[in-house]
Structure formats: structure tokens, C-alpha cells
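Engineer:
Protein chains in written order, with the working numbering: chain L, 1 to 200; chain C, 1001 to 1144.
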């Protein structure tokens, strides 16, 4: 074999070797490396998800434990903002406040108002429902004010939104000796609008 | 070159096993997560948030009545009173001895920090005195 043929063959073998190396690298090694890197990234992401889940679970368990130990406070919270309208409870509360306040309650009606719309500031907030209660009161100023004070202190949250107070003349039966007489008195009639709430 | 491919393949296989195990753990944790329990906690948190919101806006109407009663001119008799929290307006219909007393009554309310503005309308003089309608534009603090 001539020297030049040997050189040509050497160059050809080297070229073939380099070519096949490049082919193996591009066809097998690089995809395998890429696949390994993808798997590593996915493992990292999933590990974060797993840790986040564990943290959330712990938070739920902690809050749940706290919730279980609340006892009486929890029932008070539920009474202040019940999960149902509980109109009977509202009616009973108004009646039980009216009697010791010496005012007469008339024309009670209830109306559920439309739930507030979500605005940008309050997105993702769970809204509560509002019930409008309207009624009229008869009594003097001091007793009407006393009634309102007690309504404000009631555990079931009630917010008076509007009142219209006007005078009207009525009469009361008084005994003068053995006779009973009607004595004219001026009484206040107060139309009240109040809101109470529940969270379904 | 071929050996490095083999090593990478083995590492990838191990990584796949690890990933499968993590996925399994996530599914297990999700299954352990009681839906009722988490829903109850979320509801409770919402209740507390809303309760805070409602209590922050709680209105004390009796304070408004106290303010009106304690700042009423002695020679003025109110015939009707309308208070609207949403509009922050108090409308008082009354009778005074004369227009001068009406002006004095208005001054008393004007001096209150929780009253923004005092307006009058329909002032008419009758035999029993000056009948008037006084409108107070009030601040939130009037009801607190």
C-alpha cells in the first residue's frame, strides 16, 4: 500500500469516527440528557406541590383543632351570623326586647335583599345575605330609645338603617276613684327598617 | 459514548421511579384530605371574616337619638323625625316659638363635629309658632 493511500484511509476512518460519534451524541446522548433534566425539573416541581399540600393539610388540622376547642364561642359566632335566615329567632328577639322596653311592635315584615355584587376589591370573598326587617313601634321616646339600645346589643347582629318617628294622639284608661276614664296621651309611632344577616 | 448513554438511561430510569413515588404520595395525601373537614374550616374562616366586616359597620342608632335629644333647643318641639343611615340624612319637622329660635336650634346642630351641614325648608309662621323642616347632613360618626 502506498503512503498516500494509507493517509487517505486514515483521514476517511477519522472522519467516519467523528461523524458516527456526532450521530450517536445527537441521536441518543443528548435526548437522554434532556430527558433526565426534564425529569429532574418535574421531580422538583412535584416535590414543591407535595410540600405545599403537606403544609395546607397541617393548617387545616390546626384550624380544625382550634375550631373544635372553641365550644361556647363558636355557638355565639353561629348565633351572631347563622347559616340560615332563622326569621323566628329574629322575631323572638324583637318581641323579647319590646316587652321589657314597654313598646308595642306592629306590622313586622321580612324581605331578603339581593346579595351584594363582587367588586374588584372584594373578589373571591364569600358574601353574606341580608334580610330587611320592617316594623313599627309605639311608645314614648325614652322607651323607643331603650328598645333600640337593646337591639344594638342583641347577639344576633341587627343594624337599624332607617327610622321615621311621628307623634299621634291616643288614649289610656285611668281609674279615678271607682270610675274608669280615658285620658288622652301623645305617643310616638316609629317606623323602623333594620338589617340582619346570615351566611349560607 | 455508548457507556455515557447507558449511564444517563439508568439515571433517567431512577428519576422516573422517584417521580412515580412522589406522584403516589401526592395522591395519597389528597385522598387523606377530608373534603368535609377542609370545607368546614373554609366556611368557618369565611364566617369570621364576614363577622368582622359586619361588626366594623355595626350601627348605633340610639347614639344618634341621644345626640338629637341632647342638642334640641328647649323652645323647639319636634313633630316628626326621619333618620336614614345610608343617605346620612336626618330630617326633623318641628315647631318653634319664632324664626329666631329656629336659627338658634340650627346653630346648636351646626356646632356638632358629626354634622356636616344644616339646611332648612318650608319655614312657615302660624298662630302656634314657626313650623320648619330641618335637614342635617351627618357623618358616619353620628351613628357610632
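Note that the Cβ used here is the ideal one computed from N, Cα and C, for glycine as well.
If you draw a straight line from the C-alpha of residue 24 (chain L) to the C-alpha of residue 1002 (chain C), how long is it?
Structural biologist: Answer to the nearest angstrom: the Cα atoms are 8 Å apart.
Engineer: Quick check: what's the CA-CA separation for residue 121 (chain L) versus residue 1073 (chain C)?
Structural biologist: At residue 121 (chain L) the pLDDT is 47, less than 50, meaning the model places this residue with poor confidence; the figure from the coordinates comes in the next sentence. Their Cα atoms are separated by approximately 45 Å.
Engineer: Would you kindly check if the distance between the Cβ of residue 132 (chain L) and the Cβ of residue 195 (chain L) is under 9 Å?
Structural biologist: Taking 9 Å as the Cβ cut-off, residue 195 (chain L) and residue 132 (chain L) qualify as a contacting pair.
Engineer: So who's on the other strand from residue 129 (chain L), going by DSSP bridges?
Structural biologist: Note: residue 129 (chain L) sits in a beta bridge opposite L:198.
Engineer: Is DSSP giving residue 1093 (chain C) helix, strand or coil here?
Structural biologist: Here residue 1093 (chain C) sits in strand by DSSP.
Engineer: Which residue spans inside the region 56 to 114 of chain L form an unbroken beta strand (DSSP E) run of at least 3?
Structural biologist: Within the region 56 to 114 of chain L, the complete beta strand (DSSP E) runs of at least 3 residues are 104 to 112.
Engineer: Please decide whether residue 29 (chain L) counts as near chain C, where near means a Cβ-Cβ distance under 9 Å.
Structural biologist: Residue 29 (chain L) counts as touching chain C.
Engineer: Provide the residue span of the beta strand (DSSP E) that contains residue 1059 (chain C), from first to last.
Structural biologist: From DSSP, residue 1059 (chain C) is part of no beta strand (DSSP E); its letter is neither H nor E.
Engineer: Within the continuous beta strand (DSSP E) that includes residue 1117 (chain C), where are the two ends?
Structural biologist: Element bounds for residue 1117 (chain C): 1115 to 1126.
Engineer: Leaving out five residues on either side along the sequence, give the residues of the same chain with a beta carbon under 7 Å from the beta carbon of residue 1119 (chain C).
Structural biologist: Excluding residues within five positions, the ones whose Cβ falls inside 7 Å are 1135.
Engineer: Can you give the beta carbon distance from residue 1093 (chain C) to residue 1079 (chain C), rounded, assuming they're within the 8 Å contact cut?
Structural biologist: The pair is a contact, with the Cβ atoms about 5 Å apart (cut-off 8 Å).
Engineer: Can you tell me whether DSSP reads residue 35 (chain L) as helix, strand or coil?
Structural biologist: In the structure shown, residue 35 (chain L) sits in a helix (DSSP, three-state: H, G or I).
Engineer: Along the region 53 to 66 of chain L, where does the CB come closer than 7 Å to a CB of chain C? Name the residues.
Structural biologist: Going along the region 53 to 66 of chain L in chain order, one finds 53, 54, 57, 60, 63 and 64 with a Cβ nearer than 7 Å to chain C.
Engineer: Chain C partners of residue 87 (chain L), CB-CB under 7 Å?
Structural biologist: Those do not exist, as residue 87 (chain L) stays about 18 Å from chain C at its closest Cβ, beyond 7 Å.
Engineer: In the DSSP assignment, find the alpha helix (DSSP H) that holds residue 21 (chain L) and state where it starts and stops.
Structural biologist: Start and end: 3 to 24.
Engineer: Assign residue 1018 (chain C) to one of three DSSP states: helix, strand, or coil.
Structural biologist: It is helical.
Engineer: Scan the region 1061 to 1077 of chain C for residues whose Cβ lies nearer than 8 Å to a Cβ of chain L and list them as they occur along the chain.
Structural biologist: Going along the region 1061 to 1077 of chain C in chain order, one finds 1061, 1062, 1065, 1066 and 1069 with a Cβ nearer than 8 Å to chain L.
Engineer: Looking at chain L, which residues of the region 1080 to 1100 of chain C have a Cβ within less than 7 Å of any of its Cβ atoms?
Structural biologist: Answer in chain order: 1080, 1081, 1082, 1083, 1084, 1085 and 1086.
Engineer: For residue 63 (chain L) versus residue 1041 (chain C), is the C-beta distance shorter than 9 Å?
Structural biologist: Contact flag set, yes.
Engineer: With a cut-off of 9 Å, does the C-beta of residue 1139 (chain C) fall near any C-beta of chain L?
Structural biologist: No, because no Cβ of chain L sits closer than 9 Å to the Cβ of residue 1139 (chain C).
Engineer: Are the beta-carbon atoms of residue 109 (chain L) and residue 69 (chain L) separated by less than 9 Å?
Structural biologist: Not closer than 9 Å, so no.
Engineer: Do residue 164 (chain L) and residue 1123 (chain C) come within 9 Å of each other at the CB atom, strictly closer than that value?
Structural biologist: Going by C-beta atoms, residue 1123 (chain C) is not nearer than 9 Å to residue 164 (chain L).
Engineer: Evaluate residue 1010 (chain C) with the Cβ neighbour count: other Cβ atoms within 10 Å of its Cβ, from every protein chain shown; 16 or more gives buried, anything less gives exposed.
Structural biologist: It counts as exposed.
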